[in-house]
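Worksheet: one structure, shown below.
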Ligand code: PLP
């Protein structure tokens, strides 16, 4: 499909919604993304003519739902280039994926005195589970610092590496800074110490292609709703060898092979980690989301977003008193900023009056806010369906905010 932005925008009904009497300028894509019609259609069809539980019934609707459910898994495998279908665990989202690894891998294999390495720019969902584990086990959480541009301090990373580290869990793309981290370097270094690496790909998957085999990561997690898919579905990729060694996360239906009061044996991968009825509609809706991106192609998406990043950076820098928080060497078009003398919450409320949707607050990255001496930033997070006109609209709305506070 050629990259025709106006045609693409028509595929997303939510982009036509009016806010304050005009079509929304949606710049909150790091929080969640709008869905193409094909995703909405798939979810709608499941609820109107395709409702059935999966993996359980031999009747026609159940077989159809199971086939669709498993077809999504197959598409995910291709989408992230996993080697095997058994390596694709369906979860509720990124948060659940990390919690699964913490509860299963962490509880089984980490012991007192071990260290877990994260970075200063992690989302709370990649901090808190590890703190909980540290408290339980007597482990230590170590942190790779960031510099004032919002880049990881790789020199410090090298210094922090040691044999006590039993897991590195780092974000690929920062949701509050837009930084794209040098994940390959981190994984290669970790290999020298035989440390498993978990990549939080929540903000990466919508911006560039992922190849888990090329990355050679041990775990990779992401959420469907940040990838133009439904809420309530996510993916944990794990290397088969590792997943096989890990105990189940939750007990219940589907994850067992045989149950008796004397002894229960567990199902094979990936089902061992999927207890209970999953979010079937959302899993089915995730397939067309990935297919939509594949049909456009990441080469065009990246080229378009590169232009948005360059243009947005240039025009935002021209606003007097505006400081962009996050000027990393490699970024996606996420603009966190501070406007001197104006509270982020006021900015968010006032630009909404002009139909511009941005996010304000700590973005679930309080340590990042602390680093920059702020309580909150305003954040415009763009996706491939955004345009230069969207950025112009934001700039215009920020002009109005400045006038009010002048
Ligand atoms: N990690 C990052 C980098 C995120 O941006 C987010 C959500 O904003 C998450 C993890 C958590 O994702 P979810 O709430 O979909 O589980």
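Numbering (the working numbering), first residue to last: 343 to 748. In this text, a Cβ means the ideal position worked out from N, Cα and C, and glycines have one as well.
Per-residue DSSP class, three states only, for residue i
i: residue 518; result: coil
i: residue 499; result: helix
i: residue 360; result: strand
i: residue 533; result: helix
i: residue 647; result: helix
i: residue 619; result: coil
i: residue 547; result: coil
i: residue 376; result: coil
i: residue 365; result: strand
i: residue 413; result: helix
i: residue 454; result: coil
i: residue 462; result: coil
i: residue 677; result: strand
i: residue 664; result: strand
i: residue 657; result: helix
i: residue 398; result: coil
i: residue 741; result: helix
i: residue 484; result: strand
i: residue 508; result: strand
i: residue 540; result: strand
i: residue 725; result: coil
i: residue 573; result: coil
i: residue 578; result: strand
i: residue 671; result: coil
i: residue 716; result: coil
i: residue 447; result: helix
i: residue 602; result: coil
i: residue 440; result: helix
i: residue 562; result: strand
Exposed unless 16 or more other CB atoms sit within 10 angstroms - verdict on residue i
i: residue 516; result: buried
i: residue 601; result: exposed
i: residue 523; result: buried
i: residue 477; result: exposed
i: residue 752; result: Nothing can be reported for residue 752: it is not among the residues displayed for the chain, which extend from 343 to 748.
i: residue 701; result: buried
i: residue 456; result: buried
i: residue 504; result: exposed
i: residue 389; result: exposed
i: residue 610; result: exposed
i: residue 520; result: buried
i: residue 468; result: buried
i: residue 370; result: buried
i: residue 695; result: exposed
i: residue 553; result: exposed
Whole-angstrom distance between residue j and residue i, CA atom to CA atom
i: residue 386; j: residue 625; result: 13 Å
i: residue 360; j: residue 697; result: 8 Å
i: residue 555; j: residue 562; result: 11 Å
i: residue 432; j: residue 497; result: 36 Å
i: residue 688; j: residue 665; result: 16 Å
i: residue 740; j: residue 527; result: 38 Å
i: residue 452; j: residue 735; result: 50 Å
i: residue 548; j: residue 603; result: 46 Å
i: residue 412; j: residue 712; result: 43 Å
i: residue 546; j: residue 676; result: 12 Å
i: residue 708; j: residue 589; result: 32 Å
i: residue 680; j: residue 686; result: 7 Å
i: residue 580; j: residue 560; result: 6 Å
i: residue 598; j: residue 397; result: 12 Å
i: residue 511; j: residue 491; result: 21 Å
i: residue 737; j: residue 658; result: 7 Å
i: residue 671; j: residue 616; result: 39 Å
Chain-order list of residues whose beta-carbon lies under 7 Å from that of residue i (same chain, five-residue window excluded)
i: residue 634; result: 378, 380, 570
i: residue 351; result: 357, 727
i: residue 473; result: 483
i: residue 506; result: 455, 456, 457
i: residue 450; result: 588, 589
i: residue 430; result: 415, 418, 419, 424, 577, 579, 612
Contact set for residue i: own chain, Cβ-Cβ below 6 Å, skip 5 residues either direction
i: residue 444; result: 471, 475
i: residue 684; result: 747
i: residue 426; result: 582
i: residue 417; result: 629, 632
i: residue 384; result: 626, 627, 630
i: residue 508; result: 452, 456
i: residue 439; result: 433, 563, 576, 578
i: residue 538; result: 509, 560
i: residue 703; result: 718
i: residue 394; result: 403, 404, 407
i: residue 584; result: 560
Interface flag, residue i vs chain C, CB-CB below 8 Å
i: residue 575; result: Among the chains of the structure shown, chain C does not appear; only one protein chain is present.
8 Å Cβ shell around residue i - same chain, five flanking residues per side excluded
i: residue 533; result: 558
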